[in-house]
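Peer 1: Once you've had a glance at the structure underneath, I'll fire off some questions.
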Amino acid sequence: MSSSLEEYKQTTMKVEIKRGIYHLMHAHGVCDLRSIVMVQRAFQLVPQRHHNQKDDRLVEESWFHDSSRVDKGMDSDDEDEGGDESLNRSNRKPYLRMKRSFELLLNTGRVIRFEVRDRYRPSDPFLT
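To convert, note that position 82 of the sequence shown is 67 in our numbering; the numbers rise steadily by one, no gaps.
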């Protein structure tokens, strides 16, 4: 019984390694998550390309629990219904796209911006 369990573990591990290699080889891009210094809400219409945020994770052990870095949201967040329809109806498309975006600040000094299609809603039945 234990040899079949060991064979199963070995087979599963080989399959997972092959699957991981396949994903890496066919990926559009790869990012080492350890290179992220900070994640922030976009606050400029035109994305910045570089930042000067210090990587203080090595100095300050409690950096993750710092509540001053947590985005509390804004009242105007509720104005966006999400989706393409809401974006197409808006007369302030660049502003709305910025409000839907967040940025990764990397330890190389570069900034990568991502835009989400819909904003997070705690009342969404799919998220509870």
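Positions of the beta carbon are idealized from the N, C-alpha and C atoms, including for glycine.
(1) Per DSSP, which one or two residues make a beta bridge with H35?
(2) Quickly, what does DSSP pair M23 with across the bridge? List them, please.
(3) R85 and V101: beta carbons closer than 7 Å?
(4) Under 7 Å, do E88 and R98 count as touching if we go by C-beta distance?
(5) Strictly by DSSP, which residues pair up with E100?
(6) Quick one: what's got a C-beta closer than 8 Å to L90's C-beta in the same chain, skipping five residues either side?
(7) Does the separation of the CB atoms of N92 and D40 fall below 7 Å?
(8) According to DSSP, is G14 part of a helix, a strand, or is it coil?
(9) Pull up the distance between the alpha-carbon of G5 and that of H13, whole angstroms please.
Peer 2: This is what the structure gives:
(1) R95
(2) L90
(3) yes
(4) yes
(5) S86
(6) I21, V22, M23, V24, Q25, H36, Q38 and V96
(7) yes
(8) coil
(9) 14 Å
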